[in-house]
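If you're matching positions, the sequence shown starts at 404 in the working numbering and goes up one per residue. Ideal Cβ positions, reconstructed from N, Cα and C, are used throughout, including at glycine. Take a look at the structure below.
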Amino acid sequence: MRFPRTPVAVLLPFAVLLSLPLGCSKSSTTDPVARPGLRVTPTSQDFGTSLTQATLTLENTGAGTVEWTVSADRSWIGVSPASGSTTLGASPVTVTVNRAGQAPGTYTGTVTVTPDTGDAVAVTVSMRVVTGTSATIVFLHHSTGGVIWDGGVPA
């Protein structure tokens, strides 16, 4: 018995997916639209002993507009602006710290950036408070090099 060379479809009690090239292809001229998203940099900021101001950058990583709010969990941390929106590019947010009235030590807090879509981003903020510095004055004898007087100077 000879079999024909032309493909023949046979109906069987189960489904078969048959794919034949037909000389055409499908092309898409539209890409899926990316939802707005928010990237925050940096994710931590150490103000050390003297810095009082730094900038966070909020960048929309998708299409459309992302609305956001910014808050701080410590009274010595300030943020400006506290809310806004970003469509294209980036939006700066100024973070400040206030050492006035703080006892010497290391302080840590969190600035939270909350977008209207996606997850909130926590930015760790730290600073150190020190009192004035002190100096020690030592008088040495000009010929012997011996110590004549050793005393401190208050801050």
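Residue(s) in a DSSP beta bridge with glycine 487: Sequence index remark: in the sequence shown, residue 487 carries index 84 (1-based). BP columns for glycine 487 point to Trp471.
Taking the alpha-carbon of glycine 465 as reference, which of Asn501, Thr513 and Leu491 has the nearest alpha-carbon? Along the sequence shown, one-based indexing puts residue 465 at 62. Looking at the Cα atoms, Leu491 is the closest of the given residues.
When you compare each of Thr509, Tyr510, Ser483 and Ala506 to threonine 497 by their alpha carbons, which one comes out closest? For the purposes of this step, residue 497 is identified with residue 94 of the sequence shown, where counting begins at 1. Selected option, being the one with the closest Cα: Ser483.
For serine 486, the nearest candidate out of Gly521, Ala457 and Val516 (CA to CA): Within the sequence shown, numbered from 1, the residue matching residue 486 stands at position 83. Ranking the options by Cα distance to serine 486, first place goes to Val516.
For threonine 489 and aspartate 476, what's the separation of their Cα atoms in angstroms? Against the sequence shown, residue 489 aligns to sequence position 86. Against the sequence shown, residue 476 aligns to sequence position 73. Going by the C-alpha atoms only, they are around 23 Å apart.
Taking glutamine 448 as part of the beta strand (DSSP E), name the residues at either end of that continuous run. Position 45 of the sequence shown, counted from the first residue, corresponds to residue 448. Per DSSP, glutamine 448 belongs to the beta strand (DSSP E) from 447-449.
Proline 518 beta carbon less than 8 Å from that of valine 469: To locate residue 469, count along the sequence shown from 1; it is residue 66. To locate residue 518, count along the sequence shown from 1; it is residue 115. In contact: valine 469 and proline 518 (Cβ atoms closer than 8 Å).
Whose C-beta lies closer than 7 Å to the C-beta of isoleucine 480 among residues of the same chain, with five residues either side of it excluded? One-based indexing of the sequence shown puts residue 480 at position 77. Val498, Val500, Gly512, Val514 and Val528, listed in sequence order.
Assigned exposure category for glycine 461 - 16 Cβ within 10 Å defines buried: Within the sequence shown, residue 461 is the residue found at index 58, counting from 1. For the record, residue 461 in the displayed sequence is leucine; it is not glycine. With 16 or more Cβ atoms within 10 Å of its Cβ, leucine 461 is classed as buried.
Indicate the three-state DSSP secondary structure (helix, strand or coil) for alanine 525 in the structure shown. Here residue 525 is taken as the residue at index 122 of the sequence shown, counted from 1. Alanine 525 falls in the strand class under three-state DSSP.
For valine 526, count neighbouring C-beta atoms within 10 Å of its own C-beta (all shown protein chains included) and say buried if the count is 16 or more, exposed if not. Here residue 526 is taken as the residue at index 123 of the sequence shown, counted from 1. That one is buried.
Look at the alpha carbon of arginine 442 and the alpha carbon of asparagine 463, and state the distance between them as a whole number of angstroms. On the sequence shown, position 39 is the one that residue 442 refers to. On the sequence shown, position 60 is the one that residue 463 refers to. Whole-angstrom Cα-Cα distance: 6 Å.
Given methionine 530, which residues of its chain have a CB within under 6 Å of its CB, disregarding the five upstream and five downstream residues? One-based indexing of the sequence shown puts residue 530 at position 127. If we look at methionine 530 and ignore the five residues flanking it on each side, its Cβ neighbours are Phe450, Val500 and Tyr510.
I'd like to check one pair, threonine 455 with valine 533: are the Cβ atoms closer than 8 Å? Reading the sequence shown from its first residue, position 130 is the one you call residue 533. Reading the sequence shown from its first residue, position 52 is the one you call residue 455. Not closer than 8 Å, so no.
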